[in-house]
Structures are given as C-alpha cells and as structure tokens.
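In our numbering, the protein residues as written are -4 to 211.
Even glycine gets a Cβ: it sits at the ideal position worked out from N, Cα and C.
To keep things clear, I will list the structure first and then write my remarks on it.
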Amino acid sequence: MTPGRAKASRHFSGNVVVVASHNPGKVEEIAALLSDFGVEARGAGELGLSEPAETGVSFAANAIIKALAAARASGQPALADDSGLEVLALSCRPGIHSARWAGRTRDFRAAMRRLRDALGETADRRARFVCALALCWPDGHHEVFEGAVQGHLVWPPRGTRGFGYDPIFVPRGRKRTFGEMAPDEKHRISHRADAFRRLVAACFADRQAPDDGPRP
Ligand code: IMP
C-alpha cells in the first residue's frame, strides 16, 4: 500500500456500499459521509455477515481483510477501516493492537496507564493516530488509503469526549486533547477524515457532493 496516495485505478460507480463493521456508531458515521455522494451504506451486522479474524500485520492489511470478506459474502462493494495509535518512542506500539491493549473489557483508562508505564521517563511523547480505509469489490479488486494525525501524549488524561485514547492525545498545533474537543472539531482533523478525503478524491471524485451542485 502507498501511504496517503489519492489516485485510484478503479472508481466507484454503484449506489450501495457495505460498511464492514458491526459497530453501529462507525456504520452511522461512514453512512453520513457517503450519503453526500449519493451512496447508501449498509452495515455488515444488518446483513448478518460474520466478522473475519484480523490477522494482518498492518492497518491496511486488516482493513483489506475486513472489506474483502464483506464484499465476497454480500456480492457488493464493501468499505472497512482499521485504526490505532502509534507511539514513536515505543517503536509504533500499540499500533494495530491498540484495542487489545484495553483488554477484553475495553478498559482504556488501564490502556492509557499501560502506555504511561511503558514510556516511563522517556521525554519523547510524539504519537500519531493512523487510519487505513479499504474499498473492495466482490472480484477481489481493492483500493486502500491511509490517513494520519500527528501529535503528542499528555498525562493525566483530559476530557470526557471521544473514545479510546482521545483523552491523552493532543494534535499538533493544538492545546486541547481530542477528549476535550467537540466532535466536529476532532472529525475535521482526524486520521479518519484524512483517509476519507483521500478515498473520496480517488474513488468518488466524479460524483458530486451536495455543495457542488445538484446530484444526478
Ligand atoms: P478500530 O479500528 O475501530 O478497531 O479501532 C482500533 C483502536 O484504536 C480503538 O479501539 C482505539 O483504541 C484506537 N483508536 C482508533 N481511532 C481512535 C480515535 O480516534 N481516538 C481514540 N482512539 C482511537
């Protein structure tokens, strides 16, 4: 995969995309983004699709595994994302294991403590959130786009908004953590927004967003 690339060899021409996620919040967020391009999103849960094991060694590989499984099972193009936090001084950990660091109970307070302990006295607190978005067709063709937001980590955690590691992440050029920001502000600068912009530029560029004029 080429990080950040925005040129696709295949454009999206249909009207329905399966969102390869069983997380209703994520399906809703992607559905809202896609509706701007006249595309209807259907969740994998709603279609009764099973979730494949995320056995990839990168965000892109896991996004492709999820999107490909949903595209093959549904016979429709499918979109999946995979994301996480990379801490520079920890050789990019927790990375693709970001959710796993919070354990079965998804205890992110504990995951944030674990990160602080792993960093110890290390002064370098640079980190980034990464998101890979994969759009796959039932014939196996896929397009993958990666987005990122750079920043640094702070302790103690601040703010009650967002999810996961948001309360310890301050994006570059800002003073507040993602956990302290209004959702709109975070969504404008997030790794997911960055990846989605690249996907749109490459695969949906020939479709009109509402502000660009009437839809076909
Ligand atoms: P997934 O891609 O939805 O499975 O997310 C993987 C994990 O990465 C999440 O459970 C969070 O721990 C972390 N993560 C991904 N994106 C964000 C974010 O925007 N804020 C906070 N944590 C995130």
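query: Within 7 Å: the Cβ of Gly79 and any heavy atom of the ligand IMP?
result: The residue you call residue 79 lines up with position 84 of the sequence shown. Within the cutoff, so yes.
- request: Report the residue ranges of all alpha helix (DSSP H) runs contained in full by the stretch 135 to 208; include only those spanning at least 4 residues, in chain order.
  value: 178 to 184, 186 to 198
query: Under the three-state reduction of DSSP, which class applies to Pro19: helix, strand or coil?
result: In the sequence shown, the residue the question calls residue 19 occupies position 24. Three-state DSSP puts Pro19 in a helix.
- prompt: What is the rounded straight-line gap between the Cα of Arg171 and the Cα of Ala68?
  reply: Here residue 171 is taken as the residue at index 176 of the sequence shown, counted from 1. Here residue 68 is taken as the residue at index 73 of the sequence shown, counted from 1. Near 42 Å, if we compare the C-alpha coordinates of Ala68 and Arg171.
field: Span of the alpha helix (DSSP H), counted from its first residue to its last, around Ser69
entry: Translated into the one-based positions of the sequence shown, residue 69 becomes position 74. Unbroken alpha helix (DSSP H) run through Ser69: 54 to 69.
message: Shorter than 7 Å, the distance from the beta carbon of Phe158 to the closest heavy atom of the ligand IMP, or not?
response: Position 163 of the sequence shown, counted from the start, is the residue given in the question as residue 158. Phe158: yes, Cβ under 7 Å from the ligand IMP.
query: With burial defined as no fewer than 16 other Cβ atoms inside 10 Å of the residue's Cβ, what is the status of Gly38: buried or exposed?
result: One-based indexing of the sequence shown puts residue 38 at position 43. Buried is the call here.
query: Do Val149 and Ser185 have their C-beta atoms closer together than 8 Å?
result: The residue you call residue 149 lines up with position 154 of the sequence shown. The residue you call residue 185 lines up with position 190 of the sequence shown. Cβ distance not < 8 Å, so Val149 and Ser185 don't count as in contact.
field: 7 Å CB neighbourhood of Arg167 in its chain, flanking five on each side removed
entry: On the sequence shown, residue 167 is found 172 positions in, with the first residue counted as 1. Closer than 7 Å at the Cβ level, and outside the excluded window around Arg167, lie Gln145, Gly146.
message: DSSP three-state label for Ala26, please.
response: What you label residue 26 is simply residue 31 of the sequence shown in a count that begins at 1. Here Ala26 sits in helix by DSSP.
- prompt: For Ala64, is the beta carbon positioned less than 7 Å from some heavy atom of the ligand IMP?
  reply: Your numbering for residue 64 matches position 69 in the sequence shown. Because no heavy atom of the ligand IMP lies under 7 Å away, the Cβ of Ala64 does not count as near it: no.
message: Assuming the contact rule is C-beta atoms closer than 8 Å, Gly159 and Phe103 should be a hit. Round their C-beta distance to whole Å, please.
response: Locating residue 159 in the sequence shown gives position 164, counting from the first residue. Locating residue 103 in the sequence shown gives position 108, counting from the first residue. Going by Cβ atoms, the distance from Gly159 to Phe103 rounds to 5 Å, so yes, they are a contact pair.
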